[in-house]
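Undergrad:
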Amino acid sequence: MSSGGTANGGAADGGPDGGAASGASGARDAEAYRDLEAISRRGRLHVIETVAHSGAGHVGGPLSAMDLLVALYFRILRIRPDEPHWPERDRFVMSKGHSAIALYTILALRGYFPVEELLTFDHAESRLQGHPDVTRLPGLDASTGSLGQGMSVALGMAMGIRRRGMDAHVWALLGDGELQEGQVWEAVPVAAKYGLGNLTAIVDRNGMQQYGWPLRPNEDHRGDRADPWAGLDVRGALEALGWRVLEIDGHDFAAILGAAADARSATGGDVPTAILARTVKGRGFSVTEGVSEWHSRVATADEVAAARRELAGDPP
Amino acid sequence: MTRPLRDVWADTLIELAGTNPDLLVLDGDLGTSTRADRFATAHPDRFIQMGIAEQNLVGTAVGLASLGFVPWLSSFTVFFTHRAVDQVRMSVAQTHANVKIGAAYAGLQTGFTGKTHMDVEDLAIMRAMPGMTVLAPGDATECAATIRWATETDGPVYLRLGRDGGPDLFGPDYRFEPGRVLRLREGRDVLLVSTGQQTARCVEAAALLAADGVDAGLVHVPSIKPVDAAALAEAAAAVPLVVTAEEHSVFGGLGGLVAEIVSSHAPRRVERIGIEDTWGESAPNAWLLDRHGLTPERVADRVQRTLHAE
């Protein structure tokens, strides 16, 4: 395997418009990101339609992560959709594997496979399994679904990339609820110990999860669905364990691209980067935005029609 | 006397790393017990200490394997098959990752660690995982051969390593083949089937039985998965009674495997010797082997009693 690759070259082999750094440092005017916003709208509609078509799946988490994924796949990652196993590529690990449909949507829009294939999501023998299966779908770098595991796999990739002398970067996307998994906190100090500046963990902090804490002790109904760690100093914890932490609005493309460029610039350094991205569950569709039931609800025909009215076509 | 399999593991990897630049050893802070410390001394640049964090140990290996490395993992059996079993299942087995699990302190003989570390459920758990190769070598020669084979062969391997030594079974011409079962002795009255270092005790048991006029055959199964089921069925079909013996629970390990094969292809009685439905305890090896019926004398006695009960 050869070493080298594109040093400090932005998305020379990746994004269609040539570089995260230039995009982030340029005008923060929303006009600069109209293309990304259009892709996000399309992606969100695909998620709602696909889950409705399959009759199962998650919606809230995929929509909260959508802008992050669009930024990654269309500006940040150094990838070759027509050569998914390109050895020098950046790696991306969707550690919050239950948001698989968001990743599939973006892979399709980015050209890894036909958009029509999204309709096979969850179907028997589909490459688009309920949780990502690296053995089935080229373009995936890891199988995920049991939370916390993707972080360790990403760590191993970053370690391996270093050993191969490559300058690729590894990006893992975690949910904020996923931070409750102990394995994440096994991986965090080890990544710091081995100085993996080529590893970035992005946390989709939508602040909600399937159940949450009980509203009151002894109460026999569902919890508040709020992330029980929401009030904890996650930034402080990560920093104490040797990571660099950036906090951004996970729906602001300028902020996402700026943080990603910052993380990329640390590739050769010895401190891994965490990007805590504040997001809204169900973001981008008035029916789902901020509504906890949409963690894994399926849209009705009327709701799909409403989504099409809101999201089809270019951004307003 | 064969060398402890943990020593064989480390020494074989030291040798293989000399010619295989992709071979790595990842340790879960048990290297002085598993003998990974020897590897660390010989190849410090290929040794990665991962700390007391087995879930991350396993996941990290999957990432390294995706870059073409061949990571061998060092920890105790129980921490792979229980503590990190979800990681072994989803990240390793389901992706057919090229990760090699060196499961040290397997079976009953765990150096007085007792119930927490004595893992006699590992074969049942690991052989239930699709695509997982499960190996339990019987002596140093076979152990080294399985390590060479596993290092050269793509895909996940679970290797059961005894802590201590035992009698030698095989000569220098031994060659490992996945799935192969080895017929070590012919016999008409009963077929003994064993795995790992229990086989050496079954060799002795067969000799004791012969002295008492019982003609016992013996088949050694170093490859729990895959396994040559036809060969096992054929051997079983030639005798009225099959007796399995293993340093493992009577549920789901070699005994379960043989019972599955025999009931389908050559129905006859299968008596399973192993740890009954109970937890382990810290005690001397000899005491534990006797307590669970695995000494040569106890195996021979169990065969005699079963034969006479029929």
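Chains as they are written, first to last, in my numbering: chain A, 46 to 361; chain B, -5 to 304.
Glycine is no exception: its CB is placed at the ideal position from the N, C-alpha and C atoms.
1) Interface residues of chain A around Val233 (chain B) at Cβ under 7 Å?
2) What do you reckon, are the CB atoms on His214 (chain A) and Arg309 (chain A) nearer than 8 Å?
3) If we require 3 or more residues per run, which beta strand (DSSP E) segments fall completely within the region 154 to 181 of chain B?
4) By Cβ distance, which residues of its chain are closer than 6 Å to Lys326 (chain A), with the 5 residues on each side in sequence left out?
5) Phe33 (chain B) CB to nearest chain A CB: under 8 Å?
6) Can Ile151 (chain A) and Gly88 (chain A) be called in contact, C-beta distance under 8 Å?
7) Ile93 (chain A) lies in the beta strand (DSSP E); which residues open and close that run?
8) Please list the segments of the alpha helix (DSSP H) lying wholly inside the region 102 to 154 of chain B, counting only runs of 4 or more residues, in order along the chain.
9) Closer than 7 Å, Cβ to Cβ, to anything on chain B: give me those residues from the region 129 to 156 of chain A, in chain order.
10) With DSSP as the reference, identify every bridge partner of Val236 (chain B), one or two as the case may be.
11) Using a Cβ-Cβ cutoff of 7 Å, what residues of the region 82 to 110 of chain B are near chain C? List them in chain order.
12) Which value, in whole angstroms, describes the spacing of the CA atoms of Met112 (chain B) and Ala100 (chain B)?
13) Under 8 Å: do the region 194 to 202 of chain A and the region 226 to 243 of chain A share three or more Cβ pairs, one atom per stretch?
14) I'd like to confirm the pairing. Which residues does DSSP put opposite Ser217 (chain B) in its beta bridges?
15) Using a Cβ-Cβ cut-off of less than 9 Å, give me the residues of the region 195 to 220 of chain A that come near chain B, in sequence order.
16) What residues from chain B crowd round Gly175 (chain A), counting only those whose CB sits closer than 7 Å?
17) Take Val56 (chain B) and list the residues in its own chain whose beta-carbon comes closer than 7 Å to its own, dropping the five residues that flank it on each side.
18) Restricting to Cα atoms, I'd like to know which of A:Asp347, A:Gln228, A:Ala357, A:Tyr256 is closest to Glu338 (chain A).
19) Determine whether the Cβ of Asp80 (chain B) lies closer than 8 Å to any Cβ atom of chain A.
20) Could you check the C-alpha separation between Leu67 (chain B) and Ala351 (chain A) for me, to the nearest Å?
21) Do you know offhand how far Leu10 (chain B)'s Cα is from Thr127 (chain B)'s?
22) Does the beta carbon of Leu7 (chain B) sit closer than 8 Å to a beta carbon anywhere in chain A?
23) Going by CA-CA distance only, name the one from A:Leu302, A:Asp278, A:Leu277, A:Asn243 that's closest to Pro317 (chain A).
24) Excluding the five sequence neighbours on either side, which residues of its own chain have a C-beta within less than 8 Å of the C-beta of Ala280 (chain B), listed in chain order?
25) Indicate the three-state DSSP secondary structure (helix, strand or coil) for Thr245 (chain A) in the structure shown.
26) Among the residues of its own chain, which have a CB less than 6 Å from the CB of Met111 (chain A), if the five just before and after it don't count?
27) What are the uninterrupted segments assigned as alpha helix (DSSP H) that are 4 or more residues long and contained completely in the region 282 to 348 of chain A, given in chain order?
28) Since Gly247 (chain B) sits in a beta bridge, which residues does DSSP pair it with?
29) Note down, in chain order, each residue of its chain lying with its Cβ closer than 6 Å to the Cβ of Gly287 (chain A), except the 5 sequence neighbours on either side.
30) So, under 8 Å CB-CB, Ser243 (chain B) and His214 (chain B) are touching, yes? Tell me the CB distance rounded to an integer number of Å.
31) For Arg354 (chain A), is the classification buried or exposed, using 16 other Cβ atoms within 10 angstroms of its Cβ as the cut-off for buried?
32) Are the region 189 to 203 of chain B and the region 21 to 39 of chain B in contact at 8 Å, needing three or more beta carbon pairs?
33) Under the DSSP definition of a beta bridge, which residues are partnered with Gly252 (chain A)?
34) For Ala285 (chain A), count neighbouring Cβ atoms within 10 angstroms of its own Cβ and tell me buried if that reaches 16, exposed if not.
35) Chain B beta carbons: is any one of them nearer than 8 Å to that of Glu76 (chain A)?
36) Within the continuous beta strand (DSSP E) that includes Lys94 (chain B), where are the two ends?
TA: Let me spell this out:
1) Those do not exist, as Val233 (chain B) stays about 42 Å from chain A at its closest Cβ, beyond 7 Å.
2) yes
3) 176 to 179
4) Gly105, Ser109, Asn251, Met253
5) no
6) The beta carbons of Ile151 (chain A) and Gly88 (chain A) sit closer together than 8 Å.
7) It is not in any beta strand (DSSP E) - Ile93 (chain A) instead sits in the alpha helix (DSSP H) that spans 79 to 99.
8) 116 to 121, 134 to 146
9) Cβ contacts with chain B: none found.
10) B:Leu185, B:Val264
11) In the structure shown, chain C does not exist; the protein chains are A and B.
12) 7 Å
13) yes
14) B:Leu129
15) Cβ contacts with chain B: Gly195, Met196, Ser197, Val198, Ala199, Leu200, Gly201, Met202, Ala203, Met204, Gly205, Ile206, Arg208, Arg209, Met211, Val215.
16) Those within 7 Å of Gly175 (chain A) in chain B number zero; the least Cβ separation is about 13 Å.
17) Ser85, Val86, Thr89, Ala91, Val93
18) Looking from the CA of Glu338 (chain A), the closest CA among A:Asp347, A:Gln228, A:Ala357, A:Tyr256 belongs to A:Tyr256.
19) For Asp80 (chain B), the answer is yes, since a Cβ of chain A falls inside 8 Å of its Cβ.
20) Going by the C-alpha atoms only, they are around 53 Å apart.
21) 20 Å
22) no
23) If we check each option's Cα against that of Pro317 (chain A), A:Asn243 comes out closest.
24) Closer than 8 Å at the Cβ level, and outside the excluded window around Ala280 (chain B), lie Thr289.
25) Looking at Thr245 (chain A) - three-state DSSP - the assignment turns out to be strand.
26) Ser85, Gly88, Arg89, Ala147
27) 298 to 310
28) As DSSP reads the structure, Gly247 (chain B) sits in no beta bridge.
29) Ala237
30) The beta carbons of Ser243 (chain B) and His214 (chain B) sit about 20 Å from each other, so the pair does not count as a contact at 8 Å.
31) exposed
32) Cβ pair count under 8 Å is below three, so no.
33) For Gly252 (chain A), which the question treats as bridged, DSSP gives no partner whatsoever.
34) Counting Cβ neighbours within 10 Å, Ala285 (chain A) comes out exposed, since fewer than 16 surround it.
35) Not closer than 8 Å to any Cβ of chain B, the Cβ of Glu76 (chain A) fails to qualify, so no.
36) 94 to 98
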